[in-house]
Each structure stands twice: as structure tokens, then as C-alpha cells.
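Engineer: Structure provided below as C-alpha cells; questions to follow.
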Amino acid sequence: MEDMCGGTMSLMKCGIWSLGIFRPCTSSFCTRRSISLFPGSPTTTQWSKVVSDAEKIVGYPTSFMSLRCLLSDELSNIAMQVRKLVGTKHPLLNTARAFVYDSRNNLQMRGLVVLLISKAAGPSKAADDTLQHDMVSGIYASQRNLAEITELIHTAFLVHRGIVNITELKSCDGPLKDMQFGNKMAILSGDFLLANACTGLAQLQNTKVVELVSSAIGDLVQGIYYENSYLPEKNAFTDDIGITNWMEHIFLSHGALLAKGCQAAMELAKHDTEVQSMAFQYGKHMSLSYKLNSDLQPFLNGKHSGTSFGLNCAPVVLHQEFVGREAWMEEVKQAHLKGNLIDLAKLQEAIKAGKGVTAAIDLCRYHGNKALENLQCFPPSKARSALENIVYAVTRFP
């Protein structure tokens, strides 16, 4: 997350490409990344019910998805070291808290979606009889392992994304030695999770699945590279972003793992390429719809002015496209305060008054409808209904 001072945002430091959420801090600019297992969410009560119902269908609580790895002796030793960070401002602590919080509220969605689409598709005609005996609640053991692997990879990257850039530390970040120690723990624990995921991937003994998931890891790396490719020293408002580029980059960093995880689940059940493609498209469009919902939250009715938002979020990108470069720069100028700071609340009101928010809602619903279309190849079932309900939850707005 990008920590800001006094509820305002540094004009020079916080470029449009600085992915994350802006929050106030007490002194100068403090660098952080947004950390969430699945960024944003619809109404908590509504979402929890959708996920709870889905878990009953697959017979596999999401909070137990990577339990075997998390309870290992190696990770327990790492956890003991991470406890030394309590009281510091290193984002690794936020990652750990988010993992516990999301586990209790059933928000680890990637693995659950992989399980649901596995059950919705069922066994293929090409699957041999020996595989049938390997099914529990309509899901192959290999598909359950894949769901765990998907969550482990995602969690590993969340941990790695919390590594602090030491060169950008300010006084509000705390002692340098705490940040250095936190970085070491983030690298070690993230690598441990990723190594376990790769070991599990090899044990699936399916070269196409290995290729798919490996390419998803590459997509994640590329997506993070795009996030970091615009240095904070550069002028924050010199690089235009179109919504097409936004979707391409968001797919890499948020959608590729789920989309290719869904496709890999179909490959494990020996479904043909058409079914695999449908599963991929569902994961892709559902991820984009979910991210759009997340980006819209600060701009929806009932949200007070000044609610944190990122300058790279979809409503801002669309707003800039509608009003044009010069008008957008004028709005930024109007919200400009002393010391290269801008008033987020004032800028937020300008965005809400434009067409960007409405366009983002329409785009969210468009991708939701595309996700639903790709479910039509699966026979009607409770699992398919659960996948549909997930889409309905992220495309319903007040």
C-alpha cells in the first residue's frame, strides 16, 4: 500500500502506475504495497454467504487450502522469526494478518474457483475408469492439489510484493535494521511457499499442467514488473494509460493465475481444448470483473469523500480517457496543495462527477456477462450455480 502523509498524496512520488491504495501517515512519503489475498470485495455479508455455500458444494473449506504447508516445521520456524517484526512497520506483518483474516472470512478465492469449476465440468469421456475411483465429491485428488498449488503461488507472490525498497525509506518507516530483517523474512518465506508449490506441481506428473502454471508464474512476474517500471522520480502524470493497457496488465498480475488454474483443472480431467478454453475464459473475465468491483469501491454511493484509492484504478483511467489529458491535468492542478501534495477528496469528487465510474460499472458487468457465457458449456449443477453466484456478487452495485 502507498502510505501518504496527512491524508494527501505526493504528486511526484505517487505515479499513476504505483499500484495500491493510498493511506495517511504522520510524516513524509512512506512506500508500501497493497496487500490482499483477493483485492477488495463485494458486501462482506453477501460475499461470505456466496463463498460459504460454494465451500459446502466442494466439501473443502478454503481456509484449509494450504494447511499442510502452513503447518510444516520449516514455516513454523519462519513464523517464529517473523514475530520479531511485531511493533515495526514492515508490510510482511500486514500480509500475515491479511492471510489469517481472509482465511476466517473465506476470501481465498482462487483455489475455491478451481475446485468449483472442476466439479462443474465433472469427468470427461476420455478419462479412464481408474481415474473415477480417485474422485471425492466429484473432484479428482489432482484437482484438489492444483487448487492448493494455486493458493500457495498467490500467497508467495503476496509475500514477495511486500518487500520494501530500502532506498526509498523515510523516517516514518522506522529503523533501517527492521526493514532489512523484514525483507529477508519476506524473501525466505515467499521462496519457501513457491518451492512447495513447484514441488506439488511436479508431483501432478502432467507436463501441460506444469507448462500452464509455470507460464502463470511468468505472467505474475511480468505484471509486477509493469507495476515497478515507472520510477517514482519520474513525473507522476506524464504517462497516459488506456483502459486496454490497464486490462492487459491487470490480467497478468491478477487474472492469469486463476484463468490458467481453471484451464489446468480441465486438463487434469482430460477435457478437450474447447472446454479448457471455456474454463480459461471464465477465470479471466471473472478476475477482471472482480478487480473492477474492487477499484469501484471508493467511488460508490455512501462512501465518504477522501476514501483511499489508487491513481491507476479503472475509474480514474476511464475518467482520464473521457475528459482528455488537458482537462485531467487541470483537475489535478485544482486539487493541488502545498508541497507537491494533492487533495484526494477533491480529486475523488471530480472523478465521481464524470463518466469514469459509470463506465467502470458497465465494464465490470460486461466481463461478468462474458464469464457467465463461458459457463454454458457445463451442465446445470450446484457447482455451476455457485460459479454464477460469484459473478453475480461482483457485478451487483447499489
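Take -10 as the starting number for the sequence shown in the numbering used here and just add one per residue.
Using N, Cα and C, we set each Cβ at its ideal position, and we do this for glycine too.
So, with DSSP's three-state summary, where would you put residue 330?
Structural biologist: For the purposes of this step, residue 330 is identified with residue 341 of the sequence shown, where counting begins at 1. DSSP places residue 330 in strand when its eight states are reduced to three.
Engineer: Buried or exposed: residue 314, going by 16 or more other Cβ atoms within 10 Å of its Cβ?
Structural biologist: Position 325 of the sequence shown, counted from the start, is the residue given in the question as residue 314. By the 10 Å Cβ count, residue 314 comes out exposed.
Engineer: Note down, in chain order, each residue of its chain lying with its Cβ closer than 8 Å to the Cβ of residue 236, except the 5 sequence neighbours on either side.
Structural biologist: Position 247 of the sequence shown, counted from the start, is the residue given in the question as residue 236. Cβ within range, chain order: 277.
Engineer: How far does the alpha helix (DSSP H) with residue 304 in it reach, from first residue to last?
Structural biologist: The residue you call residue 304 lines up with position 315 of the sequence shown. Per DSSP, residue 304 belongs to the alpha helix (DSSP H) from 303 to 312.
Engineer: What are the boundary residues of the alpha helix (DSSP H) that residue 185 is part of?
Structural biologist: For the purposes of this step, residue 185 is identified with residue 196 of the sequence shown, where counting begins at 1. Unbroken alpha helix (DSSP H) run through residue 185: 165 to 192.
Engineer: Under a Cβ-count criterion, where at least 16 other Cβ atoms within 10 Å of its own Cβ denotes burial, should residue 234 be classed as buried or exposed?
Structural biologist: In the sequence shown, the residue the question calls residue 234 occupies position 245. That one is exposed.
Engineer: How close, in whole Å, do the beta carbons of residue 348 and residue 36 come, if the pair is a contact with beta carbons under 8 Å?
Structural biologist: Here residue 348 is taken as the residue at index 359 of the sequence shown, counted from 1. Here residue 36 is taken as the residue at index 47 of the sequence shown, counted from 1. With a Cβ gap of about 24 Å, residue 348 and residue 36 do not count as contacting.
Engineer: Three or more C-beta pairs under 8 Å: does that hold for the region 196 to 210 against the region 253 to 262?
Structural biologist: At 8 Å Cβ cutoff, the stretches touch.
Engineer: Whole angstroms is fine: what's the gap from residue 9's alpha carbon to residue 84's?
Structural biologist: Position 20 of the sequence shown holds residue 9. Position 95 of the sequence shown holds residue 84. Per-residue confidence for residue 9 stands at a pLDDT of 31, beneath the threshold of 50, marking its modelled position as unreliable; the derived number appears in the next sentence. For residue 9 and residue 84, the distance between alpha carbons rounds to 14 Å.
Engineer: Cutting at 6 Å between CB atoms, please list the residues of its own chain near residue 270, excluding the five before and the five after it.
Structural biologist: As a position in the sequence shown, residue 270 is number 281, starting the count at 1. Once the five neighbours on either side are set aside, the close Cβ partners of residue 270 are 363.
Engineer: May I ask which residues mark the beginning and end of the alpha helix (DSSP H) holding residue 278?
Structural biologist: For this step, residue 278 is matched to residue 289 along the sequence shown. 262 to 285 is the span of the alpha helix (DSSP H), which, as asked, contains residue 278.
Engineer: What does a CB cutoff of less than 7 Å around residue 341 pick up in its chain, not counting 5 residues either side in sequence?
Structural biologist: Counting from one through the sequence shown, the residue named residue 341 turns up at place 352. So the list reads 288, once near-sequence residues are dropped.
Engineer: Counting pairs of Cβ atoms below 8 Å between the region 153 to 163 and the region 123 to 131, do you hit three or more?
Structural biologist: Flag = no, the region 153 to 163 and the region 123 to 131 do not touch.
Engineer: Drop a sphere of 10 angstroms on the beta-carbon of residue 210, count the other beta-carbons inside from all chains shown, and report buried for 16 or more, exposed for fewer.
Structural biologist: Taking the first residue of the sequence shown as position 1, residue 210 is located at position 221. Flag for residue 210 reads exposed.
Engineer: Less than 8 Å between the CB atoms is what I'm expecting for residue 99 and residue 281, so what's the real figure, rounded?
Structural biologist: As a working note, residue 99 is residue 110 in the sequence shown. As a working note, residue 281 is residue 292 in the sequence shown. No, residue 99 and residue 281 are not in contact; Cβ-Cβ is about 17 Å, not under 8 Å.
Engineer: Work out the CA separation of residue 316 and residue 265 for me, nearest whole Å.
Structural biologist: For this step, residue 265 is matched to residue 276 along the sequence shown. For this step, residue 316 is matched to residue 327 along the sequence shown. Approximately 45 Å, taken between the alpha carbons.
Engineer: What is the DSSP secondary structure of residue 153, counted as helix, strand or coil?
Structural biologist: As a position in the sequence shown, residue 153 is number 164, starting the count at 1. DSSP places residue 153 in coil when its eight states are reduced to three.
Engineer: Label residue 318 either buried or exposed according to how many other C-beta atoms from any shown protein chain fall within 10 Å of its C-beta, with 16 as the threshold for buried.
Structural biologist: In the sequence shown, counting from the first residue as 1, residue 318 sits at position 329. Looking at its Cβ environment, which holds fewer than 16 other Cβ atoms inside 10 Å, residue 318 is exposed.
Engineer: Tell me the residue span of the alpha helix (DSSP H) that contains residue 356.
Structural biologist: In the sequence shown, residue 356 corresponds to position 367, counting from 1. Note, residue 356: alpha helix (DSSP H), 345 to 362.
Engineer: Mind reading off the beta-carbon distance from residue 336 to residue 320? Whole number of angstroms is fine, and I expect it under 8 Å.
Structural biologist: Taking the first residue of the sequence shown as 1, we reach residue 336 at position 347. Taking the first residue of the sequence shown as 1, we reach residue 320 at position 331. The Cβ separation is near 7 Å, so the contact holds.
Engineer: Would you mind stating whether residue 275 and residue 360 have Cβ atoms separated by less than 8 Å?
Structural biologist: Here residue 275 is taken as the residue at index 286 of the sequence shown, counted from 1. Here residue 360 is taken as the residue at index 371 of the sequence shown, counted from 1. Against a cut-off of 8 Å, the Cβ pair of residue 360 and residue 275 comes out as a contact.
Engineer: By the DSSP assignment, the alpha helix (DSSP H) with residue 379 in it spans what residues?
Structural biologist: If you number the sequence shown from 1, residue 379 lands on position 390. Residue 379 -> alpha helix (DSSP H) spans 371 to 384.
Engineer: Determine the direct distance from the alpha carbon of residue 179 to that of residue 147, and round the result to whole angstroms.
Structural biologist: The sequence position of residue 147 within the sequence shown is 158, counting from 1. The sequence position of residue 179 within the sequence shown is 190, counting from 1. Cα to Cα, the separation comes out at about 8 Å.
Engineer: Closest by CA to residue 353, which one among 285, 173 and 375?
Structural biologist: Taking the sequence shown and counting its residues from 1, one reaches residue 353 at position 364. Taking only the C-alpha atoms, the option nearest residue 353 is 285.
Engineer: Excluding sequence positions up to five away, which residues of its chain have a Cβ less than 6 Å from the Cβ of residue 371?
Structural biologist: Your numbering for residue 371 matches position 382 in the sequence shown. Taken in chain order, the residues that qualify are 46.
Engineer: Could you pull the start and end residues of the alpha helix (DSSP H) that residue 233 belongs to?
Structural biologist: For this step, residue 233 is matched to residue 244 along the sequence shown. Residues 232 to 239.
Engineer: Excluding five sequence neighbours on each side, which residues of the same chain lie with their C-beta closer than 7 Å to the C-beta of residue 204?
Structural biologist: The residue labelled residue 204 in the question sits at position 215 within the sequence shown. Excluding positions up to five away in sequence, the list reads 249.
Engineer: I want to see whether chain C comes within less than 8 Å of residue 167, judged by CB atoms only; does it?
Structural biologist: Looking at the structure shown, chain C is missing, and only one protein chain is on hand.
Engineer: Rank 215, 338, 357 and 261 by C-alpha distance to the C-alpha of residue 386 and give the top, closest one.
Structural biologist: The residue given as residue 386 occupies position 397 in the sequence shown. Of the listed residues, the one whose Cα sits closest to residue 386 is 357.
Engineer: Express the C-alpha separation of residue 213 and residue 24 in angstroms, rounding to a whole number.
Structural biologist: Working through the sequence shown from its first residue, we reach residue 24 at position 35. Working through the sequence shown from its first residue, we reach residue 213 at position 224. Note that residue 24 scores 37 on pLDDT, short of 50, meaning its location in the model is unreliable; the coordinates nonetheless yield the value given after this. Their backbone Cα atoms lie some 13 Å apart in a straight line.
Engineer: To which residues does DSSP link residue 129 through a beta bridge?
Structural biologist: Along the sequence shown, read from residue 1 onward, the residue named residue 129 stands at position 140. DSSP output for residue 129 lists 124 as bridge partner(s).
Engineer: First and last residue of the alpha helix (DSSP H) that includes residue 388?
Structural biologist: Summary: the structure shown does not reach residue 388, with the chain confined to residues -10 through 387, and so no result is reported for it.
Engineer: By the three-class DSSP mapping on this structure, what secondary structure does residue 18 have?
Structural biologist: The residue you call residue 18 lines up with position 29 of the sequence shown. Reliability fails at residue 18, whose pLDDT of 29 lies under 50, so the model's placement of it is uncertain and the value that follows must be treated cautiously. In the structure shown, residue 18 sits in coil (DSSP, three-state: anything other than H, G, I, E or B).
Engineer: Quick one: residues in its chain with C-beta nearer than 6 Å to the C-beta of residue 339, no 5 flanking neighbours on either side, listed in chain order?
Structural biologist: For the purposes of this step, residue 339 is taken as residue 350 along the sequence shown, with counting starting at 1. Correct list, in chain order: 320.
Engineer: Pick from 202, 123 and 279: whose alpha carbon is nearest that of residue 390?
Structural biologist: With the chain running from -10 to 387 in the structure shown, residue 390 is simply not present.
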